[in-house]
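Asks: Residue numbers (the working numbering), protein chains in the order written: chain A, 261 to 442; chain B, 172 to 378.
From the three backbone atoms N, C-alpha and C, an ideal C-beta is built for every residue, glycine too.
Keep in mind the model is a prediction, meaning the values are calculated, not measured.
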């Protein structure tokens, strides 16, 4: 399920605030830059409001945000819906005991970590990141939460690159996005 | 300047915030008692108190920019920015921000690191707040101040949840006011003796 209310004027405005930076981080990649969205207080507020409106009555007790841009969108959502915020981090950033999930990059592998004890079995979780491309990172995030016994209710991103079919990598879990980029 | 010295003495929210912070000994290396704010983020009430205290302080100060230091400043800065109607500007490690950036380097214990900010994110004359989870030596915050001053913004204050002893008694950092909520958490007596006799387990330390 993608963004509903395609005519919502908030979505149209949000889309105009997302910048594209060509050839970053390497030639051929058209980088979707959300920092300009963050420079527009109305667009940023509308972004958070759209997610909060969707999730506030879904009994979500955990919002997990993926380092680092998921840390920008996740906490405001968590605060508004009264959920805890759990950062999912690159290796060796979280102090104390962690569980670790490897995932594939275009070249090589990377790892996401979550604190042991942050999430309890049976909790309902939302995964948040700024963008979904291949879905590899979101999938690793879901695996971490499920290994801790949580139920992932949905993944939420500001932007989807639908041509990369990340939606199909989410083990059947729904994906909610605000803006598509091609 | 600590919040308790500036109008919030005895505020129960400060105690709740302090108690929600976890100490992790010997991270990232031996001798460091790491102040872990992730447990604060797991406590919705305490997290909300943290943001509310900052928002109450800054909402009438005509601040148009909240700059957050990667990565833990990203967790506190945006909620404050949203509540006071300011823009949020991420200050990032090198090569993370796409497009044109300016860069400030600062000293670590061993070596140097750099912080970057987008050119054009902040206009001359804007009033800015800088946020991070913790201030120790002030090296990172000083680099952040320099970035904002290079684009002719006015840094109104630097704000952190935790202030290490180096900043106690200091009201300013590089000439800019510093506002801190709590002092570092100490390991509880029972856990400290376990640490000393080598019997402290990972699972002891999760609140």
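I'd like the list of long-range same chain contacts for residue 177 of chain B, defined as Cβ closer than 8 Å, with 5 residues on each side in sequence excluded.
Replies: Counting from one through the second chain, the residue named residue 177 of chain B turns up at place 6. Same-chain partners within the cutoff: 350.
Asks: Any residues in the stretch 344-355 of chain B with a beta carbon nearer than 9 Å to a beta carbon of chain A? Which ones, in chain order?
Replies: none
Asks: Going by DSSP in three states, residue 118 of chain B sits in which element: helix, strand or coil?
Replies: Here chain B comprises residues numbered 172 to 378, so residue 118 of chain B is not present and cannot be evaluated.
Asks: Listed in chain order, which residues of the stretch 350-372 of chain A have Cβ atoms closer than 8 Å to some Cβ of chain C?
Replies: Among the chains of the structure shown, chain C does not appear; the protein chains present are A and B.
Asks: Determine which residues of the stretch 293-304 of chain A have a Cβ less than 8 Å from any Cβ of chain B, and write them out in chain order.
Replies: Against chain B - using a Cβ distance shorter than 8 Å - the residues of the stretch 293-304 of chain A are 293, 295, 298, 299, 300, 301 and 304.
Asks: Are any of the Cβ atoms in chain A nearer than 8 Å to that of residue 314 of chain B?
Replies: Taking the second chain and counting its residues from 1, one reaches residue 314 of chain B at position 143. Answer no: the Cβ-Cβ gap between residue 314 of chain B and chain A never drops below 8 Å.
Asks: Is any non-hydrogen atom of the ligand SAH found closer than 7 Å to the C-beta of residue 222 of chain B, if you look at the structure I gave you?
Replies: For the structure depicted, the ligand SAH is absent and the ligand set is empty, with no information on it obtainable.
Asks: Between which residues of its own chain and residue 423 of chain A is the CB-CB distance below 7 Å, once the five residues before and five after are set aside?
Replies: As a working mapping, residue 423 of chain A is identified with position 163 in the first chain. Within the same chain, residue 423 of chain A has close Cβ partners 442.
Asks: Residue ranges of each beta strand (DSSP E) run of no fewer than 3 residues wholly in the stretch 335-381 of chain A, ordered along the chain?
Replies: 344-348, 358-364 and 369-375
Asks: Check whether the stretch 211-222 of chain B touches the stretch 323-333 of chain A, counting contact only when three or more Cβ pairs, one atom from each stretch, lie closer than 8 Å.
Replies: no
Asks: So, helix, strand or coil for residue 289 of chain A, using DSSP?
Replies: Here residue 289 of chain A is taken as the residue at index 29 of the first chain, counted from 1. Residue 289 of chain A falls in the coil class under three-state DSSP.
Asks: For residue 220 of chain B, which three-state DSSP category applies?
Replies: Here residue 220 of chain B is taken as the residue at index 49 of the second chain, counted from 1. Judged by DSSP in its simplified three-state form, residue 220 of chain B adopts helix.
Asks: Which residues does DSSP list as the beta-bridge partners of residue 193 of chain B?
Replies: Here residue 193 of chain B corresponds to residue number 22 of the second chain, with the count starting at 1. Note: residue 193 of chain B sits in a beta bridge opposite B:207.
Asks: Got a sec: is the Cβ-Cβ distance from residue 222 of chain B to anything in chain A below 8 Å?
Replies: The sequence position of residue 222 of chain B within the second chain is 51, counting from 1. Chain A, which has a Cβ nearer than 8 Å to the Cβ of residue 222 of chain B, makes this yes.
Asks: So, under 8 Å CB-CB, residue 269 of chain B and residue 287 of chain B are touching, yes? Tell me the CB distance rounded to an integer number of Å.
Replies: For the purposes of this step, residue 269 of chain B is taken as residue 98 along the second chain, with counting starting at 1. For the purposes of this step, residue 287 of chain B is taken as residue 116 along the second chain, with counting starting at 1. No, residue 269 of chain B and residue 287 of chain B are not in contact; Cβ-Cβ is about 11 Å, not under 8 Å.
Asks: Is the CB-CB distance between residue 222 of chain B and residue 174 of chain B below 8 Å?
Replies: By one-based count along the second chain, residue 222 of chain B stands at place 51. By one-based count along the second chain, residue 174 of chain B stands at place 3. Here residue 222 of chain B is not near residue 174 of chain B, since their CB atoms are 8 Å or more apart.
Asks: Quick one: residues in its chain with C-beta nearer than 6 Å to the C-beta of residue 263 of chain B, no 5 flanking neighbours on either side, listed in chain order?
Replies: Counting from one through the second chain, the residue named residue 263 of chain B turns up at place 92. So the qualifying residues of the chain are 241 and 287.
Asks: When the cut-off is 8 Å and only beta carbons count, does residue 344 of chain A lie next to chain B?
Replies: Residue mapping note: residue 344 of chain A aligns to position 84 of the first chain, counting from 1. With 8 Å as the cut-off, residue 344 of chain A counts as an interface residue toward chain B.
Asks: Please go through the same chain and pick out, in chain order, the residues whose beta-carbon is closer than 7 Å to the beta-carbon of residue 184 of chain B, but skip the five residues on each side of it.
Replies: Numbered from 1 along the second chain, position 13 holds the residue referred to as residue 184 of chain B. These residues qualify, in order along the chain: 220 and 224.
Asks: Using a threshold of 8 Å, state whether the C-beta atoms of residue 354 of chain A and residue 209 of chain B are closer than that.
Replies: Looking up residue 354 of chain A in the first chain gives position 94. Looking up residue 209 of chain B in the second chain gives position 38. Result yes, Cβ atoms of residue 354 of chain A and residue 209 of chain B sit closer than 8 Å.
Asks: Could you name the residues of the stretch 314-335 of chain A whose beta carbon sits closer than 7 Å to any beta carbon of chain B, in the order they occur along the chain?
Replies: 327, 328, 331, 332 and 335
Asks: Considering only the alpha carbon of each residue, which of A:280, A:376 and A:406 lies closest to residue 288 of chain A?
Replies: Looking up residue 288 of chain A in the first chain gives position 28. When only C-alpha atoms are compared, the closest one is A:280.
Asks: Could you say which of B:182, B:190 and B:179 lies nearest to residue 383 of chain B if we only look at CA atoms?
Replies: What is shown of chain B runs 172 to 378, which leaves residue 383 of chain B out entirely.
Asks: Closer than 9 Å by beta-carbon distance: list the chain A residues that pair up with residue 270 of chain B, in chain order.
Replies: As a position in the second chain, residue 270 of chain B is number 99, starting the count at 1. Result: 279, 281, 284, 291, 293 and 295.
Asks: So residue 385 of chain A contacts chain B; which residues on that side make the cut at Cβ distance below 7 Å?
Replies: Counting from one through the first chain, the residue named residue 385 of chain A turns up at place 125. Under the 7 Å cutoff, chain B gives no residues; its nearest Cβ is about 13 Å from residue 385 of chain A.
Asks: Is residue 434 of chain A helix, strand or coil by DSSP?
Replies: What you label residue 434 of chain A is simply residue 174 of the first chain in a count that begins at 1. Reduced to three states, the DSSP call for residue 434 of chain A is coil.
Asks: Starting from the beta carbon of residue 375 of chain A, find every residue of chain B whose beta carbon is closer than 7 Å, and list them in chain order.
Replies: The residue you call residue 375 of chain A lines up with position 115 of the first chain. In chain order: 209.
Asks: For residue 283 of chain A, count neighbouring Cβ atoms within 10 angstroms of its own Cβ and tell me buried if that reaches 16, exposed if not.
Replies: For the purposes of this step, residue 283 of chain A is identified with residue 23 of the first chain, where counting begins at 1. Burial call: exposed.
Asks: Taking residue 416 of chain A as the reference, give the member of A:391, A:410 and A:440 with the closest Cα.
Replies: For the purposes of this step, residue 416 of chain A is taken as residue 156 along the first chain, with counting starting at 1. That would be A:391, whose Cα lies nearest to the Cα of residue 416 of chain A.
Asks: Do you know how far the Cα of residue 304 of chain A is from the Cα of residue 381 of chain A?
Replies: The count along the first chain starts at 1 and reaches residue 381 of chain A at position 121. The count along the first chain starts at 1 and reaches residue 304 of chain A at position 44. Rounded to whole angstroms, residue 381 of chain A to residue 304 of chain A spans 32 Å at the Cα level.
Asks: Per DSSP, residue 259 of chain B is paired with what?
Replies: As a position in the second chain, residue 259 of chain B is number 88, starting the count at 1. Beta-bridge pairing links residue 259 of chain B to B:237.
Asks: Please determine if the stretch 357-371 of chain A and the stretch 309-318 of chain A are in contact, where contact requires at least 3 C-beta pairs separated by less than 8 Å.
Replies: Counting Cβ pairs under 8 Å, fewer than three are found: no touch.
Asks: Sort A:277, A:310 and A:386 by Cα distance to residue 411 of chain A and report the nearest one.
Replies: Translated into the one-based positions of the first chain, residue 411 of chain A becomes position 151. In terms of Cα proximity to residue 411 of chain A, the closest of A:277, A:310 and A:386 is A:386.
Asks: Distance cutoff 8 Å, beta carbons only. Does residue 246 of chain B sit that close to anything in chain A?
Replies: Reading the second chain from its first residue, position 75 is the one you call residue 246 of chain B. Yes, because at least one Cβ of chain A sits closer than 8 Å to the Cβ of residue 246 of chain B.
Asks: Contact criterion: CB-CB distance below 8 Å. Does residue 378 of chain A meet it with respect to chain B?
Replies: Against the first chain, residue 378 of chain A aligns to sequence position 118. Closer than 8 Å to some Cβ of chain B, the Cβ of residue 378 of chain A qualifies, so yes.
Asks: So, is the C-beta of residue 310 of chain A closer than 8 Å to a C-beta in chain B?
Replies: Looking up residue 310 of chain A in the first chain gives position 50. So, not an interface residue.
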